[in-house]
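Accompanying notes for the structure given below.
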Amino acid sequence: MNGSLIVARYAIQESLRRRVFIVVLILSVGFLALFAWGTSAAFDEVQQNLDVGESPLRASEVAGGILLGLAMFAILFLGAVLAVFLTLGAVRGDAERGLLQPILVRPISRRAVLSGRFLAAAVVCGAYVVVMFLAASAITRWAGDWWPDRVVVPALGLAGAVAIIAALSVLGSVYLSGTANGIAVFMLFGGGLVGGLLGQIGDALPSVRLERAGTFTSRALPFEALYQNSLYGITADADGFERVIVQLGPFGGAQAGGPGLWVWSLAYLVIVGAIASWAFSRRDL
Amino acid sequence: MPPALSATGLENRDGGVQALRGVDIEVDEGQLVGLLGPNGAGKSTLVKIACGLVRPTGGHAQVLGHRAGTIAARTSLGYLPELFRYPGWANGDEVLDLHQRLSRSRGGSAERRELLELVGLADARDRKVEEMSKGMQQRLGIAQALIGQPKLLLLDEPTSALDPAGRIAVRELLEELRRRGIAVLLNSHLLSEVELVCDHVVIILKGATVASGTPDELARRSGVEVETATGIRRYEHATRDDVPRIVADLVAAGEQIYGVTVVRSTLEEVYLEAIAGSEA
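Sequences listed follow chains U and F, in order.
Following the working numbering, the numbering of the first sequence begins with -17 at its first residue and continues without gaps.
Following the working numbering, the numbering of the second sequence begins with 100 at its first residue and continues without gaps.
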């Protein structure tokens, strides 16, 4: 078996057997239960109060888009938390605890160790956000008979977003201790979302400077652009007033990224991985 | 056949600290070399360079003819770090299984079982690491280092957490490894342990070699004491080979001799003397 696959297999085994995974599972089930209860109540309200003289389908479209968008923000956040916790100590943290040295003296390259850790986090967190997204979509279907316009692209977008966060966390782990790295990645996460939101506000005002800030953020931290693209996908067929409402909220606007976004996201992962490998190869342990 | 480990003029500078200053060392097949020195002397840095965790800033180190740190060099060695930990969620068998995969060992469960028996953990193969005592974890570490039948074993304080019985078991294990032709570099603070098992001892201080030789050579320096009718006479630089001449000279001089003792200092005394002499 390839060296990075051996490390990935081991890291996945570790992530599934650590107590943090049980905690994440319990919190996720709690979140989905809360979402189901809230979504059911929201659809009831919408159908009673907003459908007077309107087509019930259009009101559901707005409510469904906003509610699933809210769930996607929560799912991205939970996925990011999981990605950071699985990778924040991948290099320096594990080296300080003496976990890394016995592995590194085996005939395996440091690049393979890093890519294995990244692969494991991307698989676990990607699978997590996809399952959560599908579960949240099923809940909107159950509660309000509403299903997102696109399913595959938004799910892949969320998986790509958490993969990028995991890659940034692996890179940070080469330089920073576990706690410092966790804080740094969450600051990047928050900064990315705020940057994206500023871009949307700039688009609505319109303000060229804010739009540029949003574009820069999307390039520098493409997880945010993937998230926006996913938000766009769930109401891709909406138009008119519905389009305006769902495009603005609730946590970061919906914005189609196009094929270039996927190409850049892949290139970004390669670049981050190359920098991390280079830095790790020069690090004495 | 190249030596299992050879280092020439090895230097390492980390920031403002010169950890190694031109150390030479050689460990041949089946040889057990002890590395002694106070804390901060550079022993662990030397071992880490040998296994590729630290890059030298000068000199060369080779493992079985391959540059230290390369994958070819790491294929032939086993390493037990001074500070190590295995994941608490895994059991002993799983830890060894991971290292078998990483080292591409084909030993399978038979090898894991044999190694766990060798270090006295046969009954603990399914026990999680977090449920093991520090001594058990250290023994698991030794078993891990032996995965894949390494030709060179680098042990950094392998008995620091072991009780006396555990230390004796490790000593016996080291002797068994020597019989199998495995070269061992043993970094230890336990001088008696090094004296008992090592073929060769290197003492380093502040990154430089201050003494080197077999335990016998190092311990031969203390001289001869002769008990005569007029008192005890000391010949500080004499060795066992000088005894007949000393006795003959004294008898010729009319002395009555009641006893002769070849004073052999312990490695501890030699070590302290070497450290003190170098610091002075």
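Using N, Cα and C, we set each Cβ at its ideal position, and we do this for glycine too.
| message | If I follow the unbroken alpha helix (DSSP H) through Val359 (chain F), where does it start and stop? | response | Numbered from 1 along the second sequence, position 260 holds the residue referred to as residue 359 (chain F). Counting along the chain, Val359 (chain F) falls outside any alpha helix (DSSP H), though it belongs to the beta strand (DSSP E) covering 356 to 361.
| task | Specify the secondary structure class of Glu326 (chain F) as computed by DSSP and reduced to three states. | result | Counted from its first residue, the second sequence places residue 326 (chain F) at position 227. Strand, per DSSP.
| query | Cβ atoms of Ser155 (chain U) and Leu64 (chain U): under 8 Å apart, would you say? | reply | Mapped onto the first sequence, residue 64 (chain U) falls at position 82. Mapped onto the first sequence, residue 155 (chain U) falls at position 173. No.
| query | The alpha helix (DSSP H) spanning Ile183 (chain U) covers which residue range? | reply | Counting from 1 along the first sequence, the entry for residue 183 (chain U) is found at position 201. 160 to 186 is the span of the alpha helix (DSSP H), which, as asked, contains Ile183 (chain U).
| Can you give the Cα-Cα distance for Ala242 (chain F) and Leu179 (chain F), rounded to whole angstroms? | Stepping through the second sequence from its first residue, residue 242 (chain F) is reached at position 143. Stepping through the second sequence from its first residue, residue 179 (chain F) is reached at position 80. Approximately 9 Å between the Cα atoms of the pair.
| query | On the premise that Val111 (chain U) lies in contact with Val144 (chain U), defined as a C-beta separation below 8 Å, what is that separation, rounded to the nearest angstrom? | reply | Residue numbering aside, residue 144 (chain U) sits at position 162 when the first sequence is read from its first letter. Residue numbering aside, residue 111 (chain U) sits at position 129 when the first sequence is read from its first letter. Confirmed, Cβ separation roughly 5 Å.
| field | Complete alpha helix (DSSP H) runs within the stretch 30 to 110 of chain U (minimum length 4 residues, chain order) | value | 38 to 69, 74 to 79, 83 to 86
| query | Which class does Ile281 (chain F) belong to by DSSP, given the choice of helix, strand or coil? | reply | For this step, residue 281 (chain F) is matched to residue 182 along the second sequence. Note: Ile281 (chain F) maps to coil in three-state DSSP.
| query | Which same chain residues, not among the five before or five after Arg332 (chain F), have their C-beta less than 6 Å away from its C-beta? | reply | Reading the second sequence from its first residue, position 233 is the one you call residue 332 (chain F). Correct list, in chain order: Val325.
| request: Report all residues from its chain with a CB closer than 8 Å to the CB of Pro38 (chain U); omit the five preceding and five following residues, and keep chain order. | output: By one-based count along the first sequence, residue 38 (chain U) stands at place 56. Its pLDDT being 48, under 50, Pro38 (chain U) is placed unreliably by the model, and nothing is read from it.
| field | Euclidean distance between Cα positions of Gly207 (chain F) and Arg79 (chain U) | value | Position 108 of the second sequence, counted from the first residue, corresponds to residue 207 (chain F). Position 97 of the first sequence, counted from the first residue, corresponds to residue 79 (chain U). The alpha-carbon atoms of Gly207 (chain F) and Arg79 (chain U) are separated by roughly 28 Å.
| message | My output table needs one value for Thr199 (chain U): the three-state DSSP class, helix, strand or coil. | response | Position 217 of the first sequence, counted from the first residue, corresponds to residue 199 (chain U). In this structure, Thr199 (chain U) counts as helix in the three-state DSSP scheme.
| said: Closer than 8 Å between beta carbons: that is the criterion. Which residues of the stretch 66 to 91 of chain U meet it against chain F? | reply: Arg79, Gly80, Leu81, Gln83, Pro84, Ile85, Leu86, Val87, Arg88, Pro89, Ile90, Ser91
| query | Can you list, in chain order, the residues of its chain whose CB lies under 8 Å from that of Ala117 (chain U), leaving out five sequence neighbours each side? | reply | Within the first sequence, the letter at position 135 stands for residue 117 (chain U). Exclusion of the five residues before and after Ala117 (chain U) leaves Leu14 as the residues of its chain whose Cβ lies within less than 8 Å of its Cβ.
| query | Under 8 Å between C-beta atoms, does Tyr157 (chain U) make it to chain F? | reply | Counted from its first residue, the first sequence places residue 157 (chain U) at position 175. Chain F, which has no Cβ nearer than 8 Å to the Cβ of Tyr157 (chain U), makes this no.
| With a cut-off of 8 Å, does the C-beta of Tyr334 (chain F) fall near any C-beta of chain U? | Taking the second sequence and counting its residues from 1, one reaches residue 334 (chain F) at position 235. It does not: the Cβ of Tyr334 (chain F) has no partner Cβ on chain U nearer than 8 Å.
| What's the C-alpha gap between Ala238 (chain U) and Ser200 (chain U)? | In the first sequence, residue 238 (chain U) corresponds to position 256, counting from 1. In the first sequence, residue 200 (chain U) corresponds to position 218, counting from 1. Rounded to the nearest angstrom, the two C-alpha atoms are 12 Å apart.
| query | Of all Cβ atoms in chain F, is any one closer than 8 Å to the Cβ of Asp185 (chain U)? | reply | Position 203 of the first sequence, counted from the start, is the residue given in the question as residue 185 (chain U). So no, Asp185 (chain U) is outside the interface.
| Between Gly219 (chain F) and the rest of its own chain, which residues show a CB-CB distance below 7 Å, the 5 nearest in sequence each way excluded? | For the purposes of this step, residue 219 (chain F) is taken as the residue at position 120 of the second sequence. Residues of the same chain with a CB within less than 7 Å of the CB of Gly219 (chain F), apart from the 5 flanking positions on each side, are Arg238, Ala268 in chain order.
| Can you tell me whether DSSP reads His288 (chain F) as helix, strand or coil? | Position 189 of the second sequence holds residue 288 (chain F). Correct three-state label for His288 (chain F): coil.
| field | Terminal residues of the alpha helix (DSSP H) in which Ile246 (chain F) lies | value | The residue labelled residue 246 (chain F) in the question sits at position 147 within the second sequence. From DSSP, Ile246 (chain F) is part of no alpha helix (DSSP H); its letter is neither H nor E.
| Where does Asp113 (chain F) sit, in a helix, a strand or coil, going by DSSP? | Here residue 113 (chain F) refers to the residue found at position 14 of the second sequence. Shown here, Asp113 (chain F) sits in a strand according to DSSP, grouped into three states.
| task | Grab me the residues of Arg(-1) (chain U)'s own chain with a C-beta within less than 8 Å of its C-beta, minus the 5 sequence neighbours each way, in chain order. | result | Residue -1 (chain U) sits at position 17 when you count from the first residue of the first sequence. For Arg(-1) (chain U), where only same-chain residues beyond five positions count, there are no Cβ hits under 8 Å.
| Contact set between Ser214 (chain U) and chain F, taken where Cβ atoms lie within less than 9 Å | Position 232 of the first sequence, counted from the start, is the residue given in the question as residue 214 (chain U). Here the sequence assigns Tyr to residue 214 (chain U), which means Ser is not the residue at that position. Against chain F, a Cβ distance below 9 Å from Tyr214 (chain U) picks out nothing, because the smallest value is about 40 Å.
| message | Which residues in chain U have a C-beta closer than 7 Å to the C-beta of Cys150 (chain F)? List them in chain order. | response | Working through the second sequence from its first residue, we reach residue 150 (chain F) at position 51. In chain order: Val87.
| Between Asp131 (chain U) and Ile216 (chain U), which are expected to be in contact by the criterion C-beta below 8 Å, what is the C-beta distance as a whole number of angstroms? | Mapped onto the first sequence, residue 131 (chain U) falls at position 149. Mapped onto the first sequence, residue 216 (chain U) falls at position 234. Rounded, the Cβ-Cβ distance is 6 Å, consistent with contact.
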